[in-house]
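Enquirer: Respectively, the protein sequence lines represent chains L and G.
Every letter in the first sequence is one number past the one before it in this note's numbering, and letter 108, counting from 1, is 108.
Every letter in the second sequence is one number past the one before it in this note's numbering, and letter 187, counting from 1, is 1187.
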Amino acid sequence: MPSPLLTVEALHVSYGRVDAVRDVSFEVPEGGLVALIGANGAGKSSVLGAVSGLVRPRSGAVRLDGEDITRRPVHRRVADGLVLVPEGRQILGSLTVAENLRLGAHRRRRQAAPEADMYRLFPVLDERRALPASALSGGEQQMLAIARAMIARPRVVLLDEPSMGLSPKMVDEVFTVIEKIRAQGVTVVLVEQNARRALRVADTGHVLETGALAHSGPASELLQHPKVVEAYLGIE
Amino acid sequence: MLQQLANGVFAGSIYALFAIGFTLVFGILRQLNLAHPAIFTAGAFVGIELATRLGLPMWALIPAVAAAGGLAGVLLERVAFRPLAGRDDEHFAGLISSVAFGGILIAALQARYGTEPQSFPTEYFPNRLFEFGGIGVTLMQLVTLGLALVLMLGLAWLVSSTPMGRAMRAVAENPRAAKVLGVNTGLVTSGTYALSSALGTVAGALLALNIGQADRDLGASIELIGFAVIIVGGLGSLWGAMAAGLILGVAEALTVTYFDSTWKGLVAFALLFAILVLRPRGLFGAVKVREV
Ligand SMILES: Nc1ncnc2c1ncn2[C@@H]1O[C@H](COP(=O)(O)OP(=O)(O)O)[C@@H](O)[C@H]1O
Ligand SMILES: [Mg+2]
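1) Counting along the chain, where does the beta strand (DSSP E) carrying Gly1136 of chain G start and finish?
2) Any beta carbon of chain G sitting closer than 8 Å to that of Gln90 of chain L?
3) List the residues of chain A whose Cβ lies closer than 7 Å to the Cβ of Val1159 of chain G, in chain order.
4) Compare the C-alpha of Gly1021 of chain G against each of G:Arg1112, G:Ala1011, G:Arg1082, G:Leu1155 and name the closest.
5) What is the C-beta distance between Pro73 of chain L and Gly53 of chain L, in whole angstroms, given that I count them as a contact (C-beta under 8 Å)?
6) Closer than 8 Å, CB to CB, is Gly66 of chain L near chain G or not?
7) Apart from the five residues on each side of it in sequence, which residues of its chain come closer than 7 Å, Cβ to Cβ, to Glu1291 of chain G?
8) Please identify the residue among G:Leu1142, G:Gly1073, G:Asp1088 whose C-alpha is closest to the C-alpha of Phe1101 of chain G.
9) Leaving out five residues on either side along the sequence, give the residues of the same chain with a beta carbon under 6 Å from the beta carbon of Arg196 of chain L.
10) Under 7 Å from any heavy atom of ligand 2, does the C-beta of Asp160 of chain L make it?
11) Within 8 Å of any Cβ in chain G, is that where the Cβ of Ala152 of chain L sits?
12) In terms of residue numbering, what span does the beta strand (DSSP E) encompassing His12 of chain L cover?
13) Give the secondary structure of Lys1288 of chain G by DSSP, where H, G and I count as helix, E and B as strand, and everything else as coil.
14) Please report whether the beta-carbon of Val1287 of chain G lies at a distance below 8 Å from any beta-carbon of chain L.
15) Buried or exposed for Asn1127 of chain G, please, with buried defined as at least 16 other CB atoms from any protein chain shown within 10 angstroms of its CB.
16) Nearest to Ile151 of chain L by alpha carbon, out of L:Val191, L:Arg120, L:Thr176?
17) When burial is assigned at 16 or more other CB atoms within 10 Å of the CB, is Pro57 of chain L buried or exposed?
18) What residues in the stretch 113-138 of chain L bring their beta carbon closer than 9 Å to a beta carbon of chain G?
19) Have a look at the DSSP bridge pairing and note the partners of Gln1118 of chain G.
20) Taking the alpha-carbon positions, what's the Val1287 of chain G to Phe1227 of chain G distance?
21) CB of Ser52 of chain L to nearest heavy atom of ligand 2: below 7 Å?
22) Between Gly1182 of chain G and chain L, is there a C-beta pair that is closer than 8 Å?
23) Using a Cβ-Cβ distance cut-off of 8 Å, determine whether Ala79 of chain L contacts chain G.
24) Verify the CB distance criterion: does Arg17 of chain L have a CB-CB separation below 8 Å to chain G?
25) Just to confirm, does Gly38 of chain L get its C-beta within under 7 Å of one of the non-hydrogen atoms of ligand 1?
26) For Gly1069 of chain G, name the three-state secondary structure that DSSP assigns.
27) Mapping the DSSP letters down to three states, classify Ile1014 of chain G as helix, strand or coil.
28) Return the residue from the list G:Leu1272, G:Gly1191, G:Thr1262 that minimises the CA-CA distance to Gly1245 of chain G.
29) When burial is assigned at 16 or more other CB atoms within 10 Å of the CB, is Ala1019 of chain G buried or exposed?
30) Can you look up Val186 of chain L in the DSSP assignment and give me helix, strand or coil?
31) Which residue wins for smallest C-alpha separation from Ser1161 of chain G, given the options L:Val189, L:Arg102, L:Pro218, L:Val156?
32) Can you have a look at Arg1216 of chain G and say buried or exposed, based on whether 16 or more other CB atoms are within 10 angstroms of its CB?
33) On the three-state DSSP scale, how would you describe His225 of chain L?
34) Can you tell which of L:Ile69, L:Arg89, L:Leu92, L:Glu87 has its C-alpha closest to the C-alpha of Gly81 of chain L?
35) So Glu9 of chain L packs on Gly66 of chain L, CB below 8 Å; how close in whole Å?
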């Protein structure tokens, strides 16, 4: 069996005396799509924080391609191809759409117009490229946040609640984009409140409950798992 | 009258140069660096040292002073600000530790040079006088104004149109988002301090070149008017600092002409209060570095 691209080992994250993540381990194979679901406050963003380097874990390890990157600064992880699309999008509203994209393109500075690919993938951004990013709608901002991550040509993308606060139509678009990303061979870790949608696109799912993994398994099995259905999926 | 106006513009260009360095750090990093006047003073002494000891000519002196200032800025950030990052009181603590850093710098200058003023070598710079329609202007004044303009416009260009400037504006708006995009925020922080302090030391060296000498109170003499310039221009606004520097320089020069020099400070501060009452966010509105 090939070694996984991303490994999280016995991860423990605390904020002061609050334990947000307790002993969480999972693996993400190259090209895989892993969904991380759980209630609000379960620790999903904290896991992504530790993987991306924004949060320093109390203990445990994060490995990329077998290499221990637990203490590597965020900008170096980005350069190594591990990119986070943060919760709430974190768009730089005073910069233009094009500037937001170019910031994401640090690694491709030598290339003439690295934005071109992204404009092809997200035509709506092309029309708005000279506008301040604050002028975009919520859905467009989410597209920009994803484009800004994809422009770095990452190996792994961590998506933190990309469908949050969007209209049903925009949610559909976001999931279409996620499928496109994975079709390009990019590895994805998807955190979602919309558990059913997330498990439908994922290969593997993990359920976090108050900081610890409660259930893990193939996404298709979790979709049938009585406890998971009861707590997170409800009746359709 | 026109002569005073011209003198005001030359003084004002130094105030503006002092002020943009300070306001840059605030605009990008939200930190108030109270060591800036000491850095300014150190720039003057470094200039005199390099001119007398190494005999550096003017064209090499300014870049050398700027380089020394850049290094001092990196050091300042490392010892006075970075260790405090993440504390609840980091802004207040940084204010205090930068005062301490400034105090140490001034004490070190005093240990090396004593309290006597230090001078540039006589005839260091050609003492040429030009006349334009009755206004006498020295070559040094022209060089000062030209250099100040080039540096200020250069900074505005750097912030608005280069990858480094884009990263700086990203950090100014949202350091966390900038980080996630792969911006090396530590490097941007060091770079901002290096630029700020380089501008501050060059301003100090230029003032000393204009008056021919420097003592350890050089920074104290510009501190109040410099901070008034920053507030009048709008804290964090580069264009504001440039305009306000010139306005206050001229206001000060005119006061000296029409009243006498004891009123000099008063007019600058009357202007400061007027601005604070009428336009509390400064002439150009505060915190505009991102929108240069
Ligand atoms: N910066 C922080 N400081 C203190 N507590 C935090 C911080 N971030 C998250 N927490 C706490 O950690 C727990 C997990 O939060 P989070 O990882 O954001 O969960 P989720 O993304 O699943 O909603 C929650 O109890 C939350 O209140
Ligand atoms: Mg979250």
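Just so it is clear, CB atoms sit at the ideal spot from N, CA and C, and this is done for glycine as well.
Expert: Checking against the coordinates, here is how it stands:
1) 1135-1138
2) Taking 8 Å as the threshold, the shortest C-beta distance from Gln90 of chain L to chain G falls below it.
3) Of the protein chains in this structure, namely L and G, none is chain A.
4) G:Leu1155
5) 6 Å
6) False, the Cβ-Cβ gap to chain G never drops below 8 Å.
7) Its pLDDT being 44, under 50, Glu1291 of chain G is placed unreliably by the model, and nothing is read from it.
8) G:Gly1073
9) Only Leu233 meet the Cβ criterion.
10) yes
11) yes
12) 6-15 is the span of the beta strand (DSSP E), which, as asked, contains His12 of chain L.
13) The pLDDT assigned to Lys1288 of chain G is 48, lower than 50, so where the model puts this residue is not dependable, and the model offers no usable value.
14) With a pLDDT of 47 at Val1287 of chain G, under the threshold of 50, the modelled position of that residue is not reliable, and the figure given next carries that caveat. Against chain L, the CB of Val1287 of chain G has no partner CB under 8 Å away; the residue lies outside that interface.
15) Its Cβ having fewer than 16 others within 10 Å, Asn1127 of chain G is exposed.
16) Nearest of L:Val191, L:Arg120, L:Thr176 to Ile151 of chain L, Cα basis: L:Arg120.
17) Under this definition Pro57 of chain L is a buried residue.
18) For chain G, none of the residues of the stretch 113-138 of chain L brings a beta carbon within less than 9 Å of one of its beta carbons.
19) G:Ala1214
20) Summary for Val1287 of chain G: the model assigns pLDDT 47, below 50, so the residue's position carries little reliability, and this model does not support an answer.
21) no
22) Residue contact with chain L for Gly1182 of chain G: present (Cβ-Cβ distance below 8 Å to some residue of chain L).
23) yes
24) For Arg17 of chain L, the closest Cβ of chain G is not nearer than 8 Å.
25) Gly38 of chain L Cβ: within cutoff of ligand 1.
26) helix
27) helix
28) G:Leu1272
29) buried
30) coil
31) L:Arg102
32) buried
33) coil
34) Checking every option, the nearest Cα to that of Gly81 of chain L belongs to L:Ile69.
35) That pair is no contact at about 12 Å.
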